[in-house]
Amino acid sequence: MLTEQAENILRDNSRGDYTIPTDKLYPFQWNWDSCFCALGWGYFDEPRAWEELHALFRGQWDNGMLPHIIFHQNVDTYFPGPDVWKSNTDPATSGISQPPVAATMMRMLYAQCTDKEAAEKNIKTLLPKLFAFHKWYQVERGHDGLIATYHPWETGRDNSAEWEEALYKVPTDNLEPYQRRDTDLIAADERPPQKEYDHYLSLLQFLRNHNYQGQELRDTVPFKIADIGINSILLRAHRDLLWLAEHLGEHEYSAEIKTWITEMENAFDRMWCPKSQNYCSYDLVAEKHIPIETSGSFLAFYAGCVPEDKQETMLNTLEHWGEKVKFMLPSLNPEDQYFDQKRYWRGPVWPIVNFMVATGLKECRHHEHADRIGRDTCALLTEHGFQEYFNPLDGQGLGGDHFSWAAATWLFWAQDFS
Ligand code: GLC
Numbered sequence: 411m412l413t414e415q416a417e418n419i420l421r422d423n424s425r426g427d428y429t430i431p432t433d434k435l436y437p438f439q440w441n442w443d444s445c446f447c448a449l450g451w452g453y454f455d456e457p458r459a460w461e462e463l464h465a466l467f468r469g470q471w472d473n474g475m476l477p478h479i480i481f482h483q484n485v486d487t488y489f490p491g492p493d494v495w496k497s498n499t500d501p502a503t504s505g506i507s508q509p510p511v512a513a514t515m516m517r518m519l520y521a522q523c524t525d526k527e528a529a530e531k532n533i534k535t536l537l538p539k540l541f542a543f544h545k546w547y548q549v550e551r552g553h554d555g556l557i558a559t560y561h562p563w564e565t566g567r568d569n570s571a572e573w574e575e576a577l578y579k580v581p582t583d584n585l586e587p588y589q590r591r592d593t594d595l596i597a598a599d600e601r602p603p604q605k606e607y608d609h610y611l612s613l614l615q616f617l618r619n620h621n622y623q624g625q626e627l628r629d630t631v632p633f634k635i636a637d638i639g640i641n642s643i644l645l646r647a648h649r650d651l652l653w654l655a656e657h658l659g660e661h662e663y664s665a666e667i668k669t670w671i672t673e674m675e676n677a678f679d680r681m682w683c684p685k686s687q688n689y690c691s692y693d694l695v696a697e698k699h700i701p702i703e704t705s706g707s708f709l710a711f712y713a714g715c716v717p718e719d720k721q722e723t724m725l726n727t728l729e730h731w732g733e734k735v736k737f738m739l740p741s742l743n744p745e746d747q748y749f750d751q752k753r754y755w756r757g758p759v760w761p762i763v764n765f766m767v768a769t770g771l772k773e774c775r776h777h778e779h780a781d782r783i784g785r786d787t788c789a790l791l792t793e794h795g796f797q798e799y800f801n802p803l804d805g806q807g808l809g810g811d812h813f814s815w816a817a818a819t820w821l822f823w824a825q826d827f828s
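Every letter in the sequence shown is one number past the one before it in the numbering used here, and letter 388, counting from 1, is 798.
Next comes the structure, spelled out in structure tokens:
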């Protein structure tokens with residue numbers, strides 16, 4: 411019953427060969443949403459799963475960047491749309507990227523596909539594009555083994571408390587007048603406050619003035635953070651890209667990918683924050699740790715980068731959080747001063763982050779911790795619907811409904827716990 415519902419959500423949100431996250435609130439193709447959706451489609455329509463990824467890469471830039479939004483067609487319920495980003499590309503896109511889950515989702519999709527021959531054909535076509543995307547992250551955003559992000563929206567954890575201090579340093583004096591659309595559709599207390607939005611938009615304008623790339627931007631961008639999420643996700647994705655390339659006999663990519671992996675592995679521990687006793691994001695402008703623990707911290711397991719002694723400390727933290735909330739995993743430490751059970755990335759649970767963290771924990775053989783997250787995700791989706799995010803204290807479904815990646819997460823993972 412729930413499985414049928416989940417499949418129907420993906421069908422309803424399909425716009426030909428790509429899936430929108432949800433109608434009206436997010437009416438275009440989003441980068442990481444789409445990769446999770448592909449894995450969901452893979453459970454009942456393999457050809458459609460691969461189409462999703464091809465559609466996503468139609469938005470790739472010449473420099474390899476895979477944008478966070480692809481505006482395949484015009485819809486006016488969303489701000490900031492193509493007229494604000496001004497990408498000068500066809501299709502129009504945003505000018506920043508998102509967490510690079512594509513290679514990992516592709517490897518998982520390949521593992522689950524019954525038609526391996528078709529899957530391999532698709533991967534062969536996508537591989538050079540995927541490689542170019544990873545190379546863009548390394549070349550354009552690499553900083554001594556850490557990867558920089560230039561906008562909170564690039565992290566996918568848009569409104570996380572980690573970004574606040576750095577974001578508020580972005581000047582807003584040249585901000586063009588604008589009208590946001592999200593609060594027409596969703597209660598304001600579940601969305602970012604206005605002041606924050608001004609800084610998001612000012613930063614967007616700054617990036618746009620530099621055509622979103624280049625050395626001058628790297629030297630002057632006021633917001634430059636090594637996000638623990640992106641760094642964990644990319645490191646893992648490099649390994650999955652290497653696996654895909656080698657499995658298909660495309661060995662020309664191996665040496666370069668291996669160099670990236672080594673560089674990132676060597677730098678990873680710089681994101682260990684002594685104050686928090688956890689992996690945290692690092693501010694590359696202020697050159698300091700951001701001592702705020704989020705669900706992103708636990709993606710270090712997914713990166714496969716946590717040494718034995720740190721694993722125990724992190725598991726203790728996880729257990730402590732588990733006592734404070736009914737549903738794991740809150741997006742912010744429930745004892746943090748900014749914790750807010752309802753607001754976007756300041757407390758609520760996100761099913762896709764749960765999937766990645768649980769995957770990492772399981773691979774490190776922490777089955778009990780992984781299973782708690784799996785069971786809680788299953789309970790949320792079963793009892794509170796296919797919502798965008800959930801209140802970790804009472805499970806209430808929040809944000810957009812009829813949500814694609816919630817449905818996809820059910821199909822490829824959460825239903826195993828029912
Ligand atoms: C929000 C989320 C982001 C997601 C997008 C579409 O902006 O923060 O991670 O990709 O919605 O679902």
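Virtual Cβ for every residue (Gly too), placed ideally from N, Cα, C. The model shown is predicted, which means the values in this text are computed figures rather than measured ones.
- Task: Can you have a look at D637 and say buried or exposed, based on whether 16 or more other CB atoms are within 10 angstroms of its CB?
- Result: As a working note, residue 637 is residue 227 in the sequence shown. So D637 ends up on the buried side.
- Please check the pair W442 and G552, which I expect to be a contact at CB under 8 angstroms, by giving their CB distance rounded to whole angstroms. Taking the sequence shown and counting its residues from 1, one reaches residue 442 at position 32. Taking the sequence shown and counting its residues from 1, one reaches residue 552 at position 142. Contact check for W442 and G552: beta-carbon distance about 20 angstroms, past the 8 angstroms limit, so the pair fails to qualify.
- Could you say which of N764, F822, L771 lies nearest to F800 if we only look at CA atoms? Residue 800 sits at position 390 when you count from the first residue of the sequence shown. Its Cα nearest to that of F800, the residue N764 stands out among N764, F822, L771.
- Task: Would you list the residues whose beta-carbon is nearer than 6 angstroms to any heavy atom of the ligand GLC, in the order they occur in the chain?
- Result: Going by the Cβ distance cut-off, the answer is P431, Y436, W440, W442, D443, G566, D568.
- Message: When you compare the segment 572-581 with the segment 681-699, are there three or more beta-carbon pairs, one atom per stretch, that lie closer than 8 angstroms?
- Response: Proximity of the segment 572-581 to the segment 681-699 meets the contact definition, three or more beta-carbon pairs being nearer than 8 angstroms.
- Exposed or buried, T669, counting other C-beta atoms within 10 Å across all chains shown (16 or more means buried)? Locating residue 669 in the sequence shown gives position 259, where the first residue counts as 1. It is exposed - the Cβ of T669 has fewer than 16 other Cβ atoms within 10 Å.
- State yes or no: is the C-beta of T499 within less than 8 angstroms of the C-beta of W460? The sequence position of residue 499 within the sequence shown is 89, counting from 1. The sequence position of residue 460 within the sequence shown is 50, counting from 1. In this structure, T499 lies away from W460, with their beta-carbon atoms at least 8 angstroms apart.
- Pick from E662, D583, N621, Q625: whose alpha carbon is nearest that of H609? Looking up residue 609 in the sequence shown gives position 199. Selected option, being the one with the closest Cα: D583.
- Starting from F481, trace the beta strand (DSSP E) both ways and give me its first and last residue. Within the sequence shown, residue 481 is the residue found at index 71, counting from 1. Segment 479-481, the beta strand (DSSP E) holding F481.
- Task: Go ahead and label M518 buried or exposed: buried means 16 or more other beta carbons lie within 10 angstroms of its beta carbon, across all protein chains shown.
- Result: Residue mapping note: residue 518 aligns to position 108 of the sequence shown, counting from 1. The residue in question, M518, is buried, as its Cβ has 16 or more Cβ neighbours within 10 Å.
- F454 by DSSP, collapsed to three states: which one? As a first step, residue 454 is located in the sequence shown; it is residue number 44 there, counting from the start. It is coil, neither helix nor strand.
- Span of the alpha helix (DSSP H), counted from its first residue to its last, around E798: Here residue 798 is taken as the residue at index 388 of the sequence shown, counted from 1. Note, E798: premise wrong, no alpha helix (DSSP H); not H, not E.
- Message: For Q751, count the other beta carbons within 10 Å of its own beta carbon; 16 or more makes it buried, fewer makes it exposed. Which is it?
- Response: Within the sequence shown, residue 751 is the residue found at index 341, counting from 1. Per the 10 Å Cβ criterion, buried.
- For the 8 angstroms Cβ check, are there 3 or more pairs between the segment 546-562 and the segment 504-511? Using a C-beta cut-off of 8 angstroms, the segment 546-562 makes contact with the segment 504-511, since at least three inter-stretch Cβ pairs fall below that distance.
- Task: Compute the Euclidean distance between the alpha carbons of F737 and P802, then round it to the nearest angstrom.
- Result: Taking the first residue of the sequence shown as 1, we reach residue 737 at position 327. Taking the first residue of the sequence shown as 1, we reach residue 802 at position 392. If you draw a straight line from the Cα of F737 to the Cα of P802, it is about 5 angstroms long.
- Residue interval of the alpha helix (DSSP H) (run including I638): Taking the sequence shown and counting its residues from 1, the one referred to as residue 638 is at position 228. 638-657 is the span of the alpha helix (DSSP H), which, as asked, contains I638.
- Same chain, Cβ closer than 6 angstroms to G770, five either side skipped, listed in chain order: As a position in the sequence shown, residue 770 is number 360, starting the count at 1. Residues F711, Y712 of the same chain have their beta carbon placed closer than 6 angstroms to that of G770, with the five preceding and five following residues left out of the count.
- Query: Alpha carbon to alpha carbon, how far is W495 from W440?
  - Reply: As a working note, residue 495 is residue 85 in the sequence shown. As a working note, residue 440 is residue 30 in the sequence shown. W495 and W440 have their C-alpha atoms spaced approximately 15 angstroms apart.
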